[in-house]
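K.L.:
The structure that follows is given in the form of structure tokens.
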Amino acid sequence: MAVSARYFVRLKLRLLANGLRGRTQRVTLFVIGAVMAAAAAVSGYALFSVIGVLGEQRAAEVVFPLTGSAIVLGWLFLPLIIFGVDESLDPARFALLPLRHVTLVRGLFAASLVGVPAIATFAATLGMVHAAATLGGFFAATVELVGLTGGILLCAALSRAVTSAFATALRSRRSRDLATVALAGSAALLGPLQLGLRSAIERADWQGIGHVVDVLAWTPLGAPYSMGLDVAAGRLWAVPIKIVVVGATIALLLWWWSGSLEKAMLGAKSGSRERAASQRTPVDQLVPRWLPRNRFGALAGREMRYWWRETRRRATLISFVAVALFLPVLVAVSGGPAGASGAVLVFVAALAAVSLTNQFGFEGSAYAANVVAGVPGRVELAARATGLSVYVLPPLLVISVVASVVPGRGAAAPALIGTVLAAYGVALAVAMPISVRAAYALPDSTSPFAMSSGGGTAKGLLSFAALIGATIATAPLQIGAWLLGDVWLWIGLPVGIAYGAGAFVLGLRIAAPMLDDRMPELLATVSAGSQ
Amino acid sequence: MTVPEQRRSPDAALALRGLVKQFEAKVAVAGIDLDVPAGSFFGLLGPNGAGKTTTLSMAVGLLRPDLGQARILGYDVWADPIAAKSRIGVLPDGVRLFDRLTGTELLAYQGLLRGMDPTVVDRRSVELMDVLQLGAGNRTLVVDYSAGMKKKIGLACALLHAPRLLVLDEPFEAVDPVSAALIRGILQRYVTGGGTVVFSSHVMTVVERLCSHVAIMADGRIRVRGTLDEVRGDRSLEDVFVEVVGGRTATGSELSWL
């Protein structure tokens with residue numbers, strides 16, 4: 001009694017359509033996302049096909065596996081860090097149906113291929129088919145098409161397997177720390193690759209890149225995208241081997257995914273934690289010693305608990321720390337120009353604050369308690385920013401110091417800290433109004449990376465908007481630092497703090513009245529679908 | 001702080017005037033007028049989907065009505081939300097609690113959020129956890145509580161700041177008989193002490209035992225209202241309810257394959 005994968009696909013499309021029906025804001029976000037994805041797909045297609053039209057066989061042999069690898073890695077990391085995965089078909093909901101495991105995996109996998117990102121990726125890479133056709137004729141194009149199909153299957157399987165495994169790991173306390181290390185470690189693995197490329201490009205060493213790419217083309221990362229070119233170059237024997245490499249990788253990933261899927265279906269709830277009875281008074285249990293015993297203290301104390309106790313938020317924090325550790329270290333090690341570490345840290349600081357762009361979505365309908373208590377918007381938003389800052393400011397400060405001291409520019413540390421704080425403040429200011437105006441509900445799922453249909457696009461878009469806004473708004477400081485030279489080393493810290501604090505207060509002034517005006521509407525938005 | 005003309009109907013703890021709410025194509029609440037006398041134990045009855053939750057949400061400021069007014073102890077919920085909201089305790093249904101906190105942390109949170117003195121919060125939280133048999137030293141997260149325990153901690157949150165009006169949405173759903181008896185006792189004492197309780201339910205026996213006043217809703221309108229005896233007459237409340245709502249009674253011929 002095999003249920004066709006078609007039903008899963010149709011179910012997903014139906015959920016997407018119902019989710020959009022009558023919700024203008026969501027439709028708008030979805031359309032914007034789709035248009036941007038289409039633009040990316042068209043430009044990708046153009047880039048790849050032009051290489052073919054120009055008849056640059058060698059260039060294609062370098063560019064295709066290279067961009068292909070970037071695409072695969074993007075599918076691996078972007079869901080973890082920015083987009084989340086579309087889990088409108090929550091595996092746990094199928095637990096009671098008499099479905100065979102294979103059927104379920106096949107169906108969910110097919111459904112995961114139906115989505116804007118997968119279609120856009122596939123459309124962009126079709127340019128490689130065009131190129132293969134001009135370079136090697138019909139047969140080369142056919143083989144490249146087979147390769148691309150394998151490529152998109154690989155991307156989808158990879159992102160599912162990794163997010164699912166990471167989610168399972170995060171649920172159990174024992175493996176949580178392990179998962180953190182694993183994510184940071186795998187992010188750091190990108191380092192050597194990027195370093196090699198970087199130095200090769202700096203030396204304009206096409207030969208060196210060529211060697212790296214020739215190896216890459218045999219790994220699952222590059223193999224799907226280089227098959228057609230092998231035909232064009234007369235290396236027919238390479239095609240079956242690469243097909244086996246890609247096919248085996250997909251099979252392995254699906255097998256891994258199906259394992260963690262089973263765990264997700266059975267263990268929808270983590271076992272209750274045994275906690276020792278506390279002798280402290282209720283208020284002391286909630287509010288840390290250094291916070292005032294009032295509304296603000298209660299809100300900030302609860303936020304601090306939530307950033308650690310709720311899987312979704314913890315995953316956000318962990319991903320942030322992984323990126324925050326990895327990026328600056330990469331820049332410091334690769335010895336970029338003096339301004340590079342500053343620019344990267346601005347990005348990292350903004351990334352931290354951007355996790356607040358959907359701060360009200362995290363707890364969903366529980367926000368009703370604050371609505372009933374009539375919490376003033378100013379207190380609410382300030383307390384939430386405080387809760388996050390407790391976790392992200394220490395790593396930001398440490399990284400700023402390390403990033404200045406390691407390359408021997410210790411004197412620049414205060415100014416760099418100033419810039420980072422300014423960026424953080426500005427990004428908070430941008431994120432706060434967005435979180436009030438453009439909140440969206442998160443699905444009530446077991447996976448911290450789960451997004452409802454189309455939600456991933458919205459999440460990514462809003463985060464990107466906040467990131468770009470924050471980076472632009474910090475530009476005056478960066479320009480100042482560049483123009484002022486040594487003077488900046490002295491005034492950077494106070495100016496940065498003032499700039500960040502000023503921006504934060506401004507953002508608060510804008511967002512707080514908005515929140516006061518639309519608390520019930522916000523509650524309705526974030527609790528949609530979670531009941 | 002109190003403007004005399006704001007308190008137009010001091011006798012009503014909760015006064016609703018012409019409340020309307022429409023969701024997309026469906027009219028959930030189609031114009032409701034209701035006065036809940038101060039000191040009464042008021043039961044709002046209705047079948048599933050009658051609009052009870054929507055009505056109560058609009059009454060306490062969780063959902064903005066399309067039309068109409070809601071007054072709590074004389075204060076307009078939508079014009080003067082702070083004054084109105086500080087006087088009520090609410091137990092919403094189908095809404096999550098901040099369930100990643102422990103029970104005591106949640107109570108401390110609610111108390112401070114209501115601007116209470118920390119020492120009072122501490123004293124009352126411990127007492128409530130104890131009385132509601134949730135265990136004063138219990139450090140389990142609320143998310144791991146059973147459904148009945150969640151109702152009890154929700155009720156404790158609503159009671160903590162000693163409001164003069166309690167609005168409870170389905171307070172007895174998923175509660176075991178022992179806990180239900182406990183909750184009934186607490187609520188009865190609260191009303192005896194001068195408080196007002198409004199609660200929604202579709203369990204007739206509970207309503208008959210507790211309420212002084214009832215209103216029956218169906219399809220977004222109030223069909224019958226009055227004191228319990230006025231509504232009930234010499235019949236059982238269940239008979240009146242089924243008649244008013246117009247339910248279908250089984251003839252015995254359907255579902256023959258069962």
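If you're matching them up, the sequences are chains A and B in order. Its first residue numbered 1, the first sequence is counted upward by one per residue in UniProt numbering. Its first residue numbered 1, the second sequence is counted upward by one per residue in UniProt numbering. Ideal placement from N, C-alpha and C gives every residue a C-beta, glycine not left out.
Which residues mark the beginning and the end of the alpha helix (DSSP H) in which Val-60(B) is found?
P.N.:
On the second sequence, position 60 is the one that residue 60(B) refers to. Start and end: 52-60.
K.L.:
If you reduce the DSSP assignment to three classes, tell me which class residue 576(A) lands in.
P.N.:
The requested residue 576(A) is not part of the displayed model; chain A covers only 1 to 531.
K.L.:
Residues in its own chain within less than 7 Å of Lys-269(A) by CB, not counting five upstream and five downstream?
P.N.:
By one-based count along the first sequence, residue 269(A) stands at place 269. Summary for Lys-269(A): the model assigns pLDDT 48, below 50, so the residue's position carries little reliability, and this model does not support an answer.
K.L.:
Straight-line CA distance for Leu-506(A) to Gly-377(A)?
P.N.:
Sequence index remark: in the first sequence, residue 506(A) carries index 506 (1-based). Sequence index remark: in the first sequence, residue 377(A) carries index 377 (1-based). Leu-506(A) and Gly-377(A): Cα-Cα distance of roughly 14 Å.
K.L.:
Of all the residues that make up the region 84-97 of chain B, which are near chain A by a beta-carbon distance shorter than 8 Å?
P.N.:
Of all residues in the region 84-97 of chain B, Lys-85, Ser-86, Ile-88, Val-90, Pro-92, Gly-94, Val-95, Arg-96, Leu-97 have a Cβ within less than 8 Å of some Cβ in chain A.
K.L.:
What in chain A is Cβ-close to Val-125(B), meaning under 7 Å?
P.N.:
Position 125 of the second sequence holds residue 125(B). Val is not the amino acid found at residue 125(B); the sequence shown has Ser there. Correct list: Pro-282.
K.L.:
Please list the terminal residues of the continuous beta strand (DSSP E) segment that includes Phe-42(B).
P.N.:
Start at 1 with the first residue of the second sequence, and residue 42(B) comes out as number 42. First-last of the beta strand (DSSP E) with Phe-42(B): 41-45.
K.L.:
On a CA-only basis, which of Leu-356(A), Ala-118(A), Asp-90(A), Gly-115(A) is nearest Val-105(A)? Give me that one, please.
P.N.:
If you number the first sequence from 1, residue 105(A) lands on position 105. Ranking Leu-356(A), Ala-118(A), Asp-90(A), Gly-115(A) by Cα distance to Val-105(A) puts Asp-90(A) first.
K.L.:
Out of curiosity, what's the CA-to-CA distance linking Gly-210(A) and Leu-462(A)?
P.N.:
Working through the first sequence from its first residue, we reach residue 210(A) at position 210. Working through the first sequence from its first residue, we reach residue 462(A) at position 462. Those two C-alpha atoms are separated by around 38 Å.
K.L.:
Comparing the C-beta of Ala-108(B) with each C-beta of chain A, is any distance below 9 Å?
P.N.:
For the purposes of this step, residue 108(B) is taken as residue 108 along the second sequence, with counting starting at 1. Chain A contact via Cβ: present.
K.L.:
Report the partner residues of residue 259(B) according to the DSSP bridge assignment.
P.N.:
It is not possible to answer for residue 259(B), since the shown part of chain B is limited to 1 through 258.
K.L.:
So within the region 90-123 of chain A, which uninterrupted alpha helix (DSSP H) runs reach at least 4 residues, ignoring any that extend past its ends?
P.N.:
The qualifying runs are 101-113.
K.L.:
In the DSSP assignment, find the unbroken alpha helix (DSSP H) run with Gln-69(B) in it and report its ends.
P.N.:
Stepping through the second sequence from its first residue, residue 69(B) is reached at position 69. No alpha helix (DSSP H) holds Gln-69(B); the beta strand (DSSP E) holding it covers 67-72.
K.L.:
Is it the case that the region 480-487 of chain A contacts the region 120-128 of chain A, given that we only count it when at least three CB pairs across the two stretches are under 8 Å?
P.N.:
The region 120-128 of chain A, when compared against the region 480-487 of chain A, does not touch it at the 8 Å Cβ threshold.
K.L.:
In chain order, what residues of the same chain lie with their CB nearer than 8 Å to the CB of Met-227(A), ignoring the 5 residues before and after it?
P.N.:
Residue numbering aside, residue 227(A) sits at position 227 when the first sequence is read from its first letter. Excluding positions up to five away in sequence, the list reads Val-143, Glu-144, Val-146, Gly-147, Ala-238, Val-239, Lys-242, Ile-243.
K.L.:
Answer with buried or exposed for Thr-103(A), where buried requires no fewer than 16 other C-beta atoms within 10 angstroms of its C-beta.
P.N.:
Start at 1 with the first residue of the first sequence, and residue 103(A) comes out as number 103. Looking at its Cβ environment, which holds 16 or more other Cβ atoms inside 10 Å, Thr-103(A) is buried.
K.L.:
From the DSSP secondary-structure annotation, give me the bridge partner or partners of Met-217(B).
P.N.:
Start at 1 with the first residue of the second sequence, and residue 217(B) comes out as number 217. According to DSSP, Met-217(B) bridges with Ile-222(B).
K.L.:
Thinking Val-213(A) and Leu-66(A) are a contact (beta carbons under 8 Å), I'd like their distance in whole angstroms, please.
P.N.:
Along the first sequence, read from residue 1 onward, the residue named residue 213(A) stands at position 213. Along the first sequence, read from residue 1 onward, the residue named residue 66(A) stands at position 66. Correct: roughly 6 Å between the Cβ atoms.
K.L.:
Run through DSSP, which three-state label would Ser-258(A) get?
P.N.:
Along the first sequence, read from residue 1 onward, the residue named residue 258(A) stands at position 258. Here Ser-258(A) sits in helix by DSSP.
K.L.:
In this structure, how does DSSP classify Pro-37(B) when only helix, strand and coil are distinguished?
P.N.:
In the second sequence, counting from the first residue as 1, residue 37(B) sits at position 37. Strand.
K.L.:
Does the beta-carbon of Gly-107(A) have 16 or more other beta-carbons within 10 angstroms, so that it is buried, or is it exposed?
P.N.:
Here the question's residue 107(A) lines up with position 107 in the first sequence. Its Cβ being crowded by 16 or more others within 10 Å, Gly-107(A) is buried.
K.L.:
With distances taken between CB atoms, is the gap from Gly-469(A) to Val-436(A) smaller than 9 Å?
P.N.:
For this step, residue 469(A) is matched to residue 469 along the first sequence. For this step, residue 436(A) is matched to residue 436 along the first sequence. Going by C-beta atoms, Gly-469(A) is not nearer than 9 Å to Val-436(A).
K.L.:
Identify the continuous alpha helix (DSSP H) that holds Val-77(B) and give its terminal residues.
P.N.:
As a working mapping, residue 77(B) is identified with position 77 in the second sequence. Counting along the chain, Val-77(B) falls outside any alpha helix (DSSP H), and DSSP gives it neither H nor E.
K.L.:
With DSSP run on the structure shown, which of helix, strand or coil describes Ser-272(A)?
P.N.:
Here residue 272(A) refers to the residue found at position 272 of the first sequence. In this prediction, Ser-272(A) has a pLDDT of 47, which is less than 50 and means its spatial position is unreliable; nothing more can be read from the coordinates.
K.L.:
Determine, using beta carbons only, whether Ser-200(B) and Leu-168(B) come nearer to each other than 9 Å.
P.N.:
Within the second sequence, numbered from 1, the residue matching residue 200(B) stands at position 200. Within the second sequence, numbered from 1, the residue matching residue 168(B) stands at position 168. For Ser-200(B) and Leu-168(B), yes; Cβs fall inside 9 Å.
K.L.:
Tell me, to the nearest whole angstrom, how far the beta carbon of Ile-71(A) is from that of Thr-149(A); I am working on the premise that it is less than 8 Å.
P.N.:
Position 71 of the first sequence holds residue 71(A). Position 149 of the first sequence holds residue 149(A). Their Cβ separation, rounded to whole angstroms, is 14 Å, which puts Ile-71(A) and Thr-149(A) out of contact at 8 Å.
K.L.:
Arg-64(B) touches chain A at which residues, Cβ-Cβ below 8 Å?
P.N.:
The sequence position of residue 64(B) within the second sequence is 64, counting from 1. Residues of chain A passing the Cβ test: Pro-520, Glu-521.
K.L.:
State the DSSP-derived secondary structure class of residue 544(A), mapped to helix, strand or coil.
P.N.:
Since the first residue shown for chain A is 1 and the last is 531, residue 544(A) is missing from the structure and cannot be characterised.
K.L.:
Output yes or no for whether 9 Å exceeds the beta carbon distance between Thr-54(B) and Glu-170(B).
P.N.:
Indexing the second sequence from 1 puts residue 54(B) at position 54. Indexing the second sequence from 1 puts residue 170(B) at position 170. No. Outside cutoff.
K.L.:
Measuring only the C-alpha atoms, how far is Gly-226(B) from Pro-520(A)?
P.N.:
Taking the second sequence and counting its residues from 1, one reaches residue 226(B) at position 226. Taking the first sequence and counting its residues from 1, one reaches residue 520(A) at position 520. Cα to Cα, the separation comes out at about 31 Å.
K.L.:
Provide the residue span of the alpha helix (DSSP H) that contains Phe-296(A), from first to last.
P.N.:
In the first sequence, residue 296(A) corresponds to position 296, counting from 1. Start and end: 295-309.
K.L.:
Using 9 Å as the limit for Cβ to Cβ distance, is Leu-112(B) near chain A?
P.N.:
Translated into the one-based positions of the second sequence, residue 112(B) becomes position 112. Closer than 9 Å to some Cβ of chain A, the Cβ of Leu-112(B) qualifies, so yes.
K.L.:
Since Ala-439(A) meets chain B, which of its residues come closer than 7 Å, beta carbon to beta carbon?
P.N.:
Here residue 439(A) is taken as the residue at index 439 of the first sequence, counted from 1. Chain B residues near Ala-439(A): none, gap ~16 Å exceeds 7 Å.
K.L.:
Interface residues of chain B around Val-526(A) at Cβ under 7 Å?
P.N.:
Counted from its first residue, the first sequence places residue 526(A) at position 526. Per Cβ cutoff of 7 Å: no residues; Val-526(A) is ~11 Å from chain B at best.
K.L.:
Taking 9 Å as the CB-CB cut-off, is Leu-45(B) touching chain A?
P.N.:
Position 45 of the second sequence holds residue 45(B). Judged by the 9 Å Cβ criterion, Leu-45(B) is not in contact with chain A.
K.L.:
In whole angstroms, what is the alpha-carbon distance linking Gly-271(A) and Ala-315(A)?
P.N.:
If you number the first sequence from 1, residue 271(A) lands on position 271. If you number the first sequence from 1, residue 315(A) lands on position 315. With a pLDDT of 47 at Gly-271(A), under the threshold of 50, the modelled position of this residue cannot be trusted; read the value that follows with caution. Whole-angstrom Cα-Cα distance: 19 Å.
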